[in-house]
Amino acid sequence: MSRSTVSRAVGTRLFAAYAAASLVPVVVLGGVLAAGIRQDAVDRALEYGSAQAAVVEEMAIAPALRGQDLAMGLTEAERERLQMATDLAVFRGSILRLRLRDFSGAVVFADDGASGPAEALPHYPAGEGVVPATGTAFTTAVDGGSSVALLDDDDGLAVGRMIRVLQPIVADSSGRSVGVLELLLPYDTVAAEVEAATARTYWRLGAGLGALYLVLGAISWSTTRRLRRQAAQAAHDALHDPLTGLANRELFARRVAAGLERGTPGAVVLVDLDRFKEVNDTLGHHAGDHLLREVGRRLDATVRAGDTVARLGGDEFGLLLPGVDDPADARELVQRVSDALAVETVVDGVPLAVEASCGIAMHPADAADVETLMTCADAAMYQGKRGATGVVVYDRRATAPSPHSPALQHDVRRALQDGDLRLHYQPQVDLASGRTTGVEALLRWQHPQRGLVGPGEFLPALEQSGVMGALTEWVLTQALADCAAWTAAGEDWTVSVNVSVRNLEQPGFADTVARLAAAAGVLPSRLHLEVTETALPADLAAASACLAELAAHGFGAALDDVGVGFASLSHLRSLALTEVKVDRVFVTGAAAHAEDAAVVRSLVELAHGLGLSVCAEGVETAEVADWLRSVGCDRAQGWYFSRPHPWPDLVRAPAPEPALTSVEVPS
Amino acid sequence: MTRSRRALAGAAVLAAVLVTAGCGSADPAPADAGPAVTLDERLHAALPEDVREAGVLTVANDPSYPPASSFGPDGRTIVGFEPDLGAALGELLGVEVEFRASSFDTLLDDLAAERFDLVMSAVTDTAEREQQADFVNYFRAGSSIVVPRGNPFGIHDLAGLCGRSVAVEAGTVQVGLLERAQAACARRIDVREVPTNDDALLELRTGRADAVLADYPPAVFVTTDPRTQNSYQLVSDTQYEPGLYGIAVDRDRTELRDVLTEALQRLVDDGVYQELLDRWEVGHGAVDAVTVNGALPPTD
Chain D
35 MSRSTVSRAV GTRLFAAYAA ASLVPVVVLG GVLAAGIRQD AVDRALEYGS
85 AQAAVVEEMA IAPALRGQDL AMGLTEAERE RLQMATDLAV FRGSILRLRL
135 RDFSGAVVFA DDGASGPAEA LPHYPAGEGV VPATGTAFTT AVDGGSSVAL
185 LDDDDGLAVG RMIRVLQPIV ADSSGRSVGV LELLLPYDTV AAEVEAATAR
235 TYWRLGAGLG ALYLVLGAIS WSTTRRLRRQ AAQAAHDALH DPLTGLANRE
285 LFARRVAAGL ERGTPGAVVL VDLDRFKEVN DTLGHHAGDH LLREVGRRLD
335 ATVRAGDTVA RLGGDEFGLL LPGVDDPADA RELVQRVSDA LAVETVVDGV
385 PLAVEASCGI AMHPADAADV ETLMTCADAA MYQGKRGATG VVVYDRRATA
435 PSPHSPALQH DVRRALQDGD LRLHYQPQVD LASGRTTGVE ALLRWQHPQR
485 GLVGPGEFLP ALEQSGVMGA LTEWVLTQAL ADCAAWTAAG EDWTVSVNVS
535 VRNLEQPGFA DTVARLAAAA GVLPSRLHLE VTETALPADL AAASACLAEL
585 AAHGFGAALD DVGVGFASLS HLRSLALTEV KVDRVFVTGA AAHAEDAAVV
635 RSLVELAHGL GLSVCAEGVE TAEVADWLRS VGCDRAQGWY FSRPHPWPDL
685 VRAPAPEPAL TSVEVPS
Chain W
516 MTRSRRALAG AAVLAAVLVT AGCGSADPAP ADAGPAVTLD ERLHAALPED
566 VREAGVLTVA NDPSYPPASS FGPDGRTIVG FEPDLGAALG ELLGVEVEFR
616 ASSFDTLLDD LAAERFDLVM SAVTDTAERE QQADFVNYFR AGSSIVVPRG
666 NPFGIHDLAG LCGRSVAVEA GTVQVGLLER AQAACARRID VREVPTNDDA
716 LLELRTGRAD AVLADYPPAV FVTTDPRTQN SYQLVSDTQY EPGLYGIAVD
766 RDRTELRDVL TEALQRLVDD GVYQELLDRW EVGHGAVDAV TVNGALPPTD
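Residue numbers (the working numbering), protein chains in the order written: chain D, 35 to 701; chain W, 516 to 815.
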């Protein structure tokens, strides 16, 4: 709103500048032309006077003279002829004054009879007095030139405007000059015509220039309007998502910042659609776009009037709820939003139920700057994605670092560089022999502030991030190096490394593993890759192919956390696995609860039936270890046997409990 | 704001162009310096005492004979190759030479009456005139026929003038030339004598005369001058009865006559004479040597 006002103001200023700038040449042009026209009119009048005087001199004056210098005086006959020649013109007013003067300036003949030296002449109050003999006008005529002037009202004339001409009297054909003719001609009759013509020209000029200015103005106006619209459009495009028309991340951040600056409380909500990628993958991007637009519409329709809805990118939306200061209110509002999204949508004939994870962060309670606030909301949203409830209010203690937190990714990258990451190994014991046959590599982060951090605290958060690949490669390289080390020390342990399904889906992953193993000099059979069952996707084609390729290279593959995830029995049958690992939730209670015991027993039987070995996790007591051995479980790991240790400490780890030793089955 | 400032600058440039477009430019006229002549003390000393005392030689002239002499743009100053020659003589002799307008018809009478010291007005030296005055000859010219442009009467020579009215300046050699031409005519030539050569041309221009007889130089002048060439035409380049112009000096003032002769010969020798004639485009009439009373006998 304020933006468009600003752009309009800028556009108006620009137009005003254009209009003013084009007015300058138009006005100057008008001024120059008008002055020229006026001067032309005066020049025409003067030319008219000059021509008339020449005719008077040639036709009336010169023939009346005998060709003698006027200083010699006039004969009576000459005087008579002059009067006869000029009386009628004087009487009719065609001539206002007529004087013949000799070269000294004395008047020899005048229409009113006032002759003699200039100083002897009467005073003419109306302004038609005799021209001084020393003036330029007179001397010009003496030298053979012609001097013409327009006497205006400004000169104090009482008889109206006049044209005054002084020119030599050339008495005969020889070109001899005998004196000066001074003639005053009426101008007003000419002036009326000249001024009418001038006025007409002024009108035409004014109309023409006005039209020119209007055209310039119209061009300026249309240009500035187009510029303004383009600028407004560009400004809108820069701050809005083209697909949904909602605010984009930039605008959202600005509004959040504005809210923070005002200091009023409010809530920032991040809404992330669950399994949106599946919609895109199965129904196509067109359907995905359709769904995003629908989500945008619903968000917009559900929030209050003053709230901001933004699409932050991908399937992530943001809500800014100003004025909300109670987390409970925020949760209630967001729950309504979530419910609105959950209403079934039909996209391309397929009914879809959109589920969204919403993270709420309150300001100023949770953070005082935009980035931290967004991180908090992100963390809360991520927690919601993992938990049962989709709407989570940020809680500093409960919320894990957000996977989208640039800070966390940055920290992990730095940890990789600085060598702050460690691998600890937990022995896996063959239950029949009691001998350690392998170890599981477990990632530890020697955090500079938080101390030793377990993978559960940061690894899930990085699952989708770009740092994951580098991290996996580092773990594999380190584990293989340690494996080579203990092989050299005479141990024949296998090493199990946890990999994510994302790793398996990457093209060339199997080759990378083979290359790293070869580089470390470790036999493929010594490396087991553990895939977490919960992470198995619906479409297994890529992961399955990768596992098959790994098996072909001779690597072992275990399915992790069996029993608590979504893996189907078909997975067990179709994937190229060598082992299943039974989750600790069943193992811990197996000795005490019949239900857990039944599950474990069945899984062992099932795995054996499929030709896979079984490894039990979380063995904490001798009792459980004994029971597992009794049901035929192949291997086990847990604190009962050993806690995880770094490799060099592994050999010095305490030996298995005597109880275990005692129940060791003799070979 | 950059954009509006640029627009204003453009407007200023436009305005400047408009303003300067209204201004004209005036070319300064080149100065007209004559050839340098320096005073000759010996010649000055040879001048008659009265002339040296007066310091001025007055010259009678009929200024209706361009390019020999005519009124200048101011209508009062006499200009032409005669005033220029006179001025050069004055500088050489150390006196002022003053040309005064007078009627051609009475020039020699005025000289005899001692109203002027000299007459220099394209006066052809004839035996008859030598009865009245001595002549220092300074130019050679004959008579030519001027007719209206297009030559409506088909006049090609003196014989063509028979039965026509011809205007001439009174007292000129052309009057005698026409009288001699009458003898060959079946129908008489109507000779109209008028006070000046300009009056004769006016007669022709207004149809009151069919031809004008005048010396060759002024005839060429009126038929080539831009102001008059649309009215007049030269019949041919033939110069009838060529004669010598002479500066008329009273027959009693031989001292003055001889000094003038020597001074003029000096100008001829120095090349000043030729240069002045060339300036008026009459170099073709230059004499090689200055003579006294060199009247040529009439051809007829």
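Using N, Cα and C, we set each Cβ at its ideal position, and we do this for glycine too.
Contacts around residue i, its chain only, beta-carbon distance under 6 Å, and the 5 residues preceding and following it disregarded
i, result
"D:A689", "Note on D:A689: pLDDT 49, under 50, position unreliable in the model; no value is reported."
"W:L759", "D640, N652, R655, G809"
DSSP beta-bridge partners of residue i
i, result
"D:M396", "D:A301"
"D:V343", "D:L353"
"D:H679", "D:Y459"
"D:K615", "D:C649"
"D:S391", "D:D306"
"W:P663", "W:Y747"
"D:S664", "DSSP lists no partner for D:S664."
"D:H562", "D:S530, D:G590"
"W:Y580", "W:S584"
"W:I593", "W:F586"
Through-space distance from residue j to residue i, alpha-carbon basis
i, j, result
"W:L831", "W:G675", "This structure cannot settle anything about residue 831 of chain W, because the visible part of chain W is limited to 516 through 815."
"W:C700", "W:D765", "38 Å"
"W:Q697", "D:Q102", "36 Å"
"W:D784", "W:A682", "38 Å"
"D:K419", "D:D308", "8 Å"
"D:L185", "W:V574", "44 Å"
"D:L407", "D:A670", "44 Å"
"D:G147", "W:P581", "39 Å"
"D:L294", "D:A402", "7 Å"
"D:A372", "D:G424", "For the record, residue 372 of chain D in the displayed sequence is Ser; it is not Ala. Near 8 Å, if we compare the C-alpha coordinates of D:G424 and D:S372."
"D:L217", "D:M118", "17 Å"
"W:L623", "W:H559", "25 Å"
"D:Y162", "W:G595", "The displayed chain sequence assigns Glu, not Tyr, to residue 162 of chain D. Straight-line Cα distance between these residues: approximately 40 Å."
"W:L664", "W:T721", "Note that residue 664 of chain W corresponds to Arg in the displayed sequence, not to Leu. Taking the straight line joining both Cα atoms gives about 13 Å."
"D:W673", "D:D617", "15 Å"
"W:A536", "D:A88", "Reliability of the predicted coordinates at W:A536 is poor, the pLDDT of 43 falling under 50, and the value obtained from them is presented with this limitation in mind. W:A536 and D:A88: Cα-Cα distance of roughly 32 Å."
"W:H799", "D:G65", "59 Å"
Beta-carbon proximity of residue i to residue j, cut-off 8 Å
i, j, result
"W:F650", "W:G761", "yes"
"W:A734", "W:S659", "yes"
"D:A387", "D:A411", "no"
"D:A702", "D:L375", "No statement about residue 702 of chain D is possible, as the shown extent of chain D runs from 35 to 701 and does not include it."
"D:V531", "D:L561", "yes"
"D:V182", "D:G83", "yes"
"W:L562", "W:V774", "yes"
"W:V552", "W:L771", "no"
"D:A625", "D:E657", "yes"
CB contact check: residue i to chain D, cutoff 8 Å
i, result
"W:S579", "yes"
"W:F614", "no"
"W:L717", "yes"
"W:R781", "no"
"W:G590", "yes"
"W:T738", "no"
"W:T535", "Only weak support exists for where W:T535 lies, its pLDDT of 43 falling under 50; the value from the coordinates is given anyway. It does not; no Cβ of chain D falls within 8 Å."
"W:G793", "The amino acid at residue 793 of chain W is misidentified as Gly; the sequence shows Asp. With 8 Å as the cut-off, W:D793 does not count as an interface residue toward chain D."
CB contact below 8 Å: residue i versus chain W
i, result
"D:V204", "yes"
"D:R133", "no"
"D:D177", "yes"
"D:R8", "What the structure shows of chain D is the stretch from 35 to 701, and residue 8 of chain D is not part of that stretch, so it cannot be assessed."
"D:S207", "yes"
Cβ shell of residue i (< 8 Å), same chain only, five flanking positions each side left out
i, result
"D:L261", "G45, L48"
"D:S56", "Y247, L250, G251, S254"
"W:S751", "S659, I660, H671, D672"
Distance cut-off 7 Å: residue i Cβ against heavy atoms of the ligand ADP
i, result
"D:V685", "Ligands displayed in this structure: none; no statement on the ligand ADP is therefore possible."
Sequence-distant residues of its chain with Cβ nearer than 7 Å to residue i (five each side left out)
i, result
"W:F736", "P581, P582"
"W:L554", "E606, L607, G609"
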